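*Asks:* Quick one: structure below, then a few questions.
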Amino acid sequence: MTTDATATAVEILRAEHVTKLFGPVRALKDGSLTLRAGEVHALVGVNGAGKSTLSRIVSGHLRRSDGVLRYKGQDVDFTMPRDAMRAGISLVLQETSIAPDLSVMENLCLTHFGQSGRLDWKALKRKAVAVLEELKQADHLPLNQRAGDLSMAQRQIIEIGRALQQDSDLIIFDEPTASFSPTEVESLFEVMRLLRSRGKALAFVSHRLEEIFEITDYVTVMRDGNTVEADVPTKDLTPAMLIQMMVGREIHNLYERSGVPVDVRANREPLLEVSHLASGAAVRDVSFTLHAGEILGLAGLVGAGRSETVETIFGLRKRDGGTVMLNGQPFDAASPRGAIARGIGLIGEDRRRQGIVPDFSVTENLLLAHLGRDPGMGRHYDRHFADIDRLMTELDMPAHILSAPILGLSGGQQQKVILARWLLLNPAVLLLDEPTRGVDIGTRNTIYQIIRKIAENGIGVVVVSSDFEEVLGLSDRIVVLSDGVSVAQARSELLDAEILAMYSAPRSSAQGLHDTLADLAANLGATAYWLQIERGRVFCFDLVANERADTGIDADQFPLTGETAIPIALARVQPGASVVDGALKSVLFKLTNQSGHSFGYLGLTVPAPDALPDPESIRAMILNSMADHGVGQLLIAKQTEENTV
Amino acid sequence: MTSKPLNATEPGAGTPERRRRHRGFLHRFQLEIRMFVVLMALSIVLSIVSSHFFSLGNLFNLMDQSVVVGIAAIGQTFVILVAGIDLSVGALTGVAGIVLGLTLTSLGLPVPIAIAAAILVGGLMGLVNGLLVTFGRIAPFIVTLGMMSIGRSLAYVISDGNSVSSLPQGLSYIGSADIFGVPANFLFVVLLFALAWYYLTFTKGGRTIYAIGSNIEAARASGLKVSYYTNLAYAASGALSAVAAVMLASRLMSIDPIAGNGLELDSIAAVVIGGASLFGGRGSMIGTFFGVLIMGLIRNGLNLLNVGPYWQGSAIGAIIIIAVLAERIVTTRLNSRGQ
Chain Y
11 MTTDATATAV
21 EILRAEHVTK
31 LFGPVRALKD
41 GSLTLRAGEV
51 HALVGVNGAG
61 KSTLSRIVSG
71 HLRRSDGVLR
81 YKGQDVDFTM
91 PRDAMRAGIS
101 LVLQETSIAP
111 DLSVMENLCL
121 THFGQSGRLD
131 WKALKRKAVA
141 VLEELKQADH
151 LPLNQRAGDL
161 SMAQRQIIEI
171 GRALQQDSDL
181 IIFDEPTASF
191 SPTEVESLFE
201 VMRLLRSRGK
211 ALAFVSHRLE
221 EIFEITDYVT
231 VMRDGNTVEA
241 DVPTKDLTPA
251 MLIQMMVGRE
261 IHNLYERSGV
271 PVDVRANREP
281 LLEVSHLASG
291 AAVRDVSFTL
301 HAGEILGLAG
311 LVGAGRSETV
321 ETIFGLRKRD
331 GGTVMLNGQP
341 FDAASPRGAI
351 ARGIGLIGED
361 RRRQGIVPDF
371 SVTENLLLAH
381 LGRDPGMGRH
391 YDRHFADIDR
401 LMTELDMPAH
411 ILSAPILGLS
421 GGQQQKVILA
431 RWLLLNPAVL
441 LLDEPTRGVD
451 IGTRNTIYQI
461 IRKIAENGIG
471 VVVVSSDFEE
481 VLGLSDRIVV
491 LSDGVSVAQA
501 RSELLDAEIL
511 AMYSAPRSSA
521 QGLHDTLADL
531 AANLGATAYW
541 LQIERGRVFC
551 FDLVANERAD
561 TGIDADQFPL
571 TGETAIPIAL
581 ARVQPGASVV
591 DGALKSVLFK
601 LTNQSGHSFG
611 YLGLTVPAPD
621 ALPDPESIRA
631 MILNSMADHG
641 VGQLLIAKQT
651 EENTV
Chain W
594 MTSKPLNATE
604 PGAGTPERRR
614 RHRGFLHRFQ
624 LEIRMFVVLM
634 ALSIVLSIVS
644 SHFFSLGNLF
654 NLMDQSVVVG
664 IAAIGQTFVI
674 LVAGIDLSVG
684 ALTGVAGIVL
694 GLTLTSLGLP
704 VPIAIAAAIL
714 VGGLMGLVNG
724 LLVTFGRIAP
734 FIVTLGMMSI
744 GRSLAYVISD
754 GNSVSSLPQG
764 LSYIGSADIF
774 GVPANFLFVV
784 LLFALAWYYL
794 TFTKGGRTIY
804 AIGSNIEAAR
814 ASGLKVSYYT
824 NLAYAASGAL
834 SAVAAVMLAS
844 RLMSIDPIAG
854 NGLELDSIAA
864 VVIGGASLFG
874 GRGSMIGTFF
884 GVLIMGLIRN
894 GLNLLNVGPY
904 WQGSAIGAII
914 IIAVLAERIV
924 TTRLNSRGQ
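In order, the protein sequences belong to chains Y and W. For the first sequence, the working numbering begins at 11 and goes up steadily by one. For the second sequence, the working numbering begins at 594 and goes up steadily by one.
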């Protein structure tokens, strides 16, 4: 399918049917990837899809179990990163491998330290300077500076510099922008464009749609350890199509609805009310309400602050701000002990780290939380044997595993043990962080059923999950987190994976766009908003209101276009055209990225008698404002092109 | 992947209840049984090469020599189980010994009060170790290394560098009493081991100590009193160092500021030979007990075989390394089986 592409570009690397086994676990089942010179290739997939495993195999950090790896036309088998590096393959890691106490120059030359013989410092310095000049960073990165004092993006640039220094032909970026600010992203992209123009083959591992569409030429999609779409030109894709490819797994039958109607359960008294919760840099402003008997999903991408949110509620992290009310009473857990005493349980996302005690039997693992709660000196396990036997039957687990070491169980069974540990305490609230991570699909179904049963018994359940389908299928309501802020809260039947992705995409430009909206609202006396319209519903990402023009749009509600105050303007959007709805006048502009993909609409509404500047001047005003606030990645389509819609 | 059911053929049928509590004796005590086999094998070898070995006199001698290390090793086991290490054991024995001696001689207080004072000093200094580890978040190695230096120095300061002799006769009774010829202090050590084993196996605190060493994050997230029991382990180690000092003083009827020198290493060695993991969470009092006996047996054997004292250090060192290597191999095999 890519014959025309391969005809023009030189193929650098071809991985075919690569597999990787970790013990009996298949982290990678069938990974394929083709990279060519002078192209940026996106390797995308949800968490655990196998993209990092594949890139580590290509770069020699891992050895493949099976499959073909061809580099520059030859079969290769790298046993360690240094082999791949010598051949010209570099992996730029998310967690950069910078030695913080060494200088910029020493870090740039770090790979030379591994070679035998004396170091020629003068030559190294010349090289380092040349590399920085090539990256146009010579003015920004003094060679003597301590690397630990640099920003994340600057550290990444050092890593890229290292790759260049060794004349790498293939550079893989593994989620490089995870902790970047918008300007840092832009400077990284400049470097990447430069490298592309020099004929390097680049692979960009990411799940940030905005960035994928901005920087990449081709896309390979991975799902469940398989390459499901290979070598699709980015320009042929839309964000919606890409999301579909990433999450489009047929597991709908897994999420059977429970018998009790959601309304009946969700209309009970609030059980847990979280408002403006803040903790460190990860949780900035999170608010949501949980009712008894309700399953509330916390959706978002890695780094959105979901795990940190539940850990803060549970007392594992220091709370810097906000309030939590439990049954109407203020609740402030300084430690998990306090939270458990008040009836809150947490199942952490990393079972090995936070859940199981490896040297204990299944029984002792089940009773671990009781050790901290039961009165008296003795361990008194026997008091709980009756409850355990009942629970084991309920959870469909054979009794003979009770005396077995916990490590002898499969991941799914271990997860059931941890679930049972908390159920034995009769909690009021259960916080479940990625409850099905590393669990096979069969046990997954059982875990969903258990979670539903827990909720039916009146326990409030919060489920954190990166799998949009899972959140949608399991939860009654969903709260979307993005960059540590709860950006939306809705009943799950109103949402779908695409809208969740739109909300949860870490909009590196969100703050800049908010400032732009504020500028517009102030300059024109208007209500300004950023929204998307899907299936006749308005999904508002941000809104700066002006009381003169009440649009009836709310970031928390998802009204049908007809339910807003500006139905005509929203029903059939004509970018750039002023549309009058009774007493209100609105104008919308289509927002795209540099490769022309839609990122919703920017609009403003004023009272109808107000005179609006002509569309072209508003457009110029928006563009200026966006430029002022550093929103470099998004554009406003010219309305002349769009009016044909 | 399918979830793999465990092998259903358990030895010894019975109700689930029974099986839960009495998983095969062989399986539950496999570590202790391994140690016992090593102990027996060593005894047989020694009785073959030396006719003196199985004499009652030699056995009692062996018991007597194991008392001090045994008591220190109990405390060391607690600390190692919570993934710590206590390098201050020997130094605290020195301080507590001097406190004991001076309370008896300079202050002229009765023996029980002097013993209580020594244990209090040892326990408090151990608690300081614990507080620095839990709340100061300093690595146990560093904290107890510092305490080792401070403790030894304090022992010299308090005693002005002199040994304390002419201890009252009441003290010597502790070191010399016997029950049917068996040294009473050895029986006391056996009793302490039994109590510590019971505590670690059957109480909430004991299980919490294992949980902390095995996975501190899971212990914390399950609401266990992690700091409290970590402090308890260090305090216990300090207090038991003082008990060791009492035993030492009662046997020699004098105490030196240098007393207990090297005890930290001997106690660590006994715990490690006893199968404990220095990463915490794995080990047992019975294992440590056998570890103490194996150490004593080897020392004893080397003496019987007229191996010069210069060579004994090499022999003991080699045995420690071999013990850890064996533990590593067993652990790796267990883990790969667990996967």
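Glycine included, each C-beta is placed from N, C-alpha and C at the ideal position. Being a predicted model, the structure only gives us computed values, none of them experimental.
For I735/W, is the classification buried or exposed, using 16 other Cβ atoms within 10 angstroms of its Cβ as the cut-off for buried?
*Replies:* I735/W is exposed by the Cβ-count criterion.
*Asks:* Would you verify that the beta carbon of L680/W is, or is not, closer than 8 Å to some beta carbon of chain Y?
*Replies:* no
*Asks:* When you compare only the Cα positions, how much space is there between I851/W and Y749/W?
*Replies:* Answer to the nearest angstrom: the Cα atoms are 8 Å apart.
*Asks:* Considering Cα atoms alone, identify which of A710/W, V675/W and I673/W is closest to I691/W.
*Replies:* A710/W
*Asks:* Report the neighbours of L381/Y on chain W: residues whose CB is nearer than 8 Å to its CB, in chain order.
*Replies:* K797, R800, T801, A804, S815 and L817
*Asks:* For V819/W, which residues in the same chain have their Cβ closer than 7 Å to its Cβ, ignoring the five residues on either side in sequence?
*Replies:* I805, I809, A812 and R813
*Asks:* Rounded to whole angstroms, what is the Cα-Cα separation between G269/Y and D506/Y?
*Replies:* Below a pLDDT of 50, predicted positions are generally treated as unreliable, and G269/Y, at 47, falls in that range; no measurement from the model is reported.
*Asks:* Where does E444/Y sit, in a helix, a strand or coil, going by DSSP?
*Replies:* Coil at E444/Y, not helix or strand.
*Asks:* Would you verify that the beta carbon of E625/W is, or is not, closer than 8 Å to some beta carbon of chain Y?
*Replies:* no
*Asks:* With DSSP run on the structure shown, which of helix, strand or coil describes E304/Y?
*Replies:* coil
*Asks:* Going by C-alpha distance, which of N337/Y, M202/Y, A59/Y and A500/Y is nearest H51/Y?
*Replies:* M202/Y
*Asks:* With 7 Å as the C-beta to C-beta threshold (strictly closer), list the residues of the region 867-883 of chain W near chain Y in chain order.
*Replies:* G874 and R875
*Asks:* Helix, strand or coil: which one does DSSP assign to P619/Y?
*Replies:* coil
*Asks:* Who are the neighbours of E857/W on chain Y, taking C-beta pairs under 7 Å?
*Replies:* Ordered by position in chain Y, no residue passes the 7 Å Cβ test against E857/W, which lies about 25 Å from the chain.
*Asks:* Is T29/Y helix, strand or coil when you go by DSSP?
*Replies:* strand
*Asks:* Which same chain residues end up closer than 6 Å to A634/W when comparing Cβ atoms and leaving out the 5 residues on each side of it in sequence?
*Replies:* none
*Asks:* Which whole-angstrom value describes the C-beta separation of G876/W and V864/W, a residue pair presumed to lie in contact below a C-beta threshold of 8 Å?
*Replies:* 7 Å
*Asks:* Locate the alpha helix (DSSP H) running through E359/Y, then write down its first and last residues.
*Replies:* For E359/Y, there is no enclosing alpha helix (DSSP H), as DSSP marks it with neither H nor E.
*Asks:* Given a cut-off of 8 Å, decide if V367/Y and D443/Y are closer than it, judged by their beta-carbon atoms.
*Replies:* Taking C-beta atoms as the reference points, D443/Y and V367/Y fail to come closer than 8 Å.
*Asks:* Can you confirm whether G388/Y, when its beta carbon is compared against all beta carbons of chain W, has any partner nearer than 8 Å?
*Replies:* yes
*Asks:* Quick check on the DSSP output: the beta strand (DSSP E) that includes R389/Y runs from which residue to which?
*Replies:* Where R389/Y is concerned, there is no enclosing beta strand (DSSP E), given that its DSSP letter is neither H nor E.
*Asks:* At a Cβ threshold of 8 Å, is I323/Y touching chain W?
*Replies:* no
*Asks:* Should H286/Y go down as buried or exposed, given a rule of 16 or more other Cβ atoms within 10 Å for buried?
*Replies:* exposed
*Asks:* So is H645/W buried or exposed if we call it buried at 16+ other beta carbons inside 10 Å?
*Replies:* Exposed, since its Cβ has fewer than 16 Cβ neighbours within 10 Å.
*Asks:* What is the residue span of the beta strand (DSSP E) that H524/Y lies within?
*Replies:* Element bounds for H524/Y: not the beta strand (DSSP E) but the alpha helix (DSSP H), A520 to L534.
*Asks:* Can you tell me whether K39/Y is helix, strand or coil according to DSSP?
*Replies:* strand
*Asks:* Closest to L695/W by C-alpha separation, out of G889/W, N654/W, A707/W and W790/W, would be which residue?
*Replies:* A707/W
*Asks:* For E374/Y, which residues in chain W fall below 9 Å Cβ to Cβ?
*Replies:* R800, Y803 and A804
*Asks:* Tell me, please, whether the region 20-37 of chain Y touches the region 223-231 of chain Y by the rule of three or more beta-carbon pairs shorter than 8 Å.
*Replies:* no
*Asks:* Run through the DSSP bridge pairs and tell me what S496/Y is partnered with.
*Replies:* L491/Y
*Asks:* Taking C-alpha atoms, which residue in R547/Y, G468/Y, D40/Y and A133/Y lies nearest to D234/Y?
*Replies:* D40/Y
*Asks:* Where does E260/Y land, buried or exposed, given buried means 16+ other C-beta within 10 angstroms?
*Replies:* Model confidence at E260/Y stands at a pLDDT of 42, short of 50, so the residue's coordinates are unreliable and nothing is read from them.
*Asks:* Would R558/Y and G535/Y be called neighbours here (beta carbons separated by less than 8 Å)?
*Replies:* yes
*Asks:* Determine, using beta carbons only, whether N896/W comes closer than 8 Å to chain Y.
*Replies:* no
*Asks:* So which residues on chain W does E38/Y lean against when the C-beta distance must stay under 9 Å?
*Replies:* The amino acid at residue 38/Y is misidentified as Glu; the sequence shows Leu. Near L38/Y there are no residues of chain W at all, since even the closest Cβ is about 14 Å away, more than 9 Å.
*Asks:* Could you tell me the boundaries of the beta strand (DSSP E) in which S100/Y lies?
*Replies:* I99 to V102
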